[in-house]
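Visitor: Per the numbering used here: the sequence shown = residues 9 to 106.
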Amino acid sequence: MSKDWFLEDEDDIFTGSPKSKYFDITNQANNEIVEDEFDKLLEKYAVMELLLSKDKDEDFDINRVIKQYVFENLDEVEEMKKGLYVELTGDIVCRLDS
């Protein structure tokens, strides 16, 4: 899969990083929409944390596991974050007209 859509183009109306575009949109969008989308994101995060921690002993440190994974897979994590910023921005933009 080509990752060209992550690259910036000076002539593109959507210049900037996916992160900067997300914050541009959230700063201009209705607070209720942004809060609702953030709540959905937090719910997703909670489910993932519960699934990852399931059947682990009480000494299991999820933050350590996450930090280690980021350390070992930084490029992959950064690409995923960009995609998630694009997805979240799209979710908010799609709700602006409704």
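Glycine is no exception: its CB is placed at the ideal position from the N, C-alpha and C atoms.
Please report the straight-line C-alpha distance between residue 101 and residue 53, rounded to a whole angstrom.
Guide: When rounded, the distance between both Cα atoms is 21 Å.
Visitor: Rounded to whole angstroms, what's the CA-CA distance from residue 76 to residue 95? Just pull it up for me.
Guide: In a straight line, the C-alpha of residue 76 is about 25 Å away from that of residue 95.
Visitor: Where does residue 66 fall in DSSP's three states?
Guide: Reduced to three states, the DSSP call for residue 66 is coil.
Visitor: Can you give me the Cβ contacts of residue 30 inside the same chain, cut-off strictly under 7 Å, excluding the 5 residues immediately before and after it?
Guide: Excluding positions up to five away in sequence, the list reads 93, 96 and 97.
Visitor: Measuring only the C-alpha atoms, how far is residue 91 from residue 64?
Guide: Roughly 30 Å separates the two Cα atoms.
Visitor: Which of the three DSSP states is assigned to residue 23 in this structure?
Guide: Looking at residue 23 - three-state DSSP - the assignment turns out to be coil, as it is neither helix nor strand.
Visitor: How about residue 84: is its Cβ closer than 6 Å to a heavy atom in the ligand FAD?
Guide: Because no ligand of any kind appears in the structure shown, any question about the ligand FAD cannot be addressed here.
Visitor: To which residues of the same chain is residue 34 closer than 6 Å at the C-beta, ignoring the five residues directly before and after it?
Guide: If we look at residue 34 and ignore the five residues flanking it on each side, its Cβ neighbours are 42.
Visitor: When the distance is taken between beta carbons, is residue 45 closer than 7 Å to residue 99?
Guide: Their beta carbons are under 7 Å apart, which means residue 99 touches residue 45 by this criterion.
Visitor: Using DSSP with H/G/I as helix, E/B as strand and the rest coil, what is residue 105?
Guide: In the structure shown, residue 105 sits in coil (DSSP, three-state: anything other than H, G, I, E or B).
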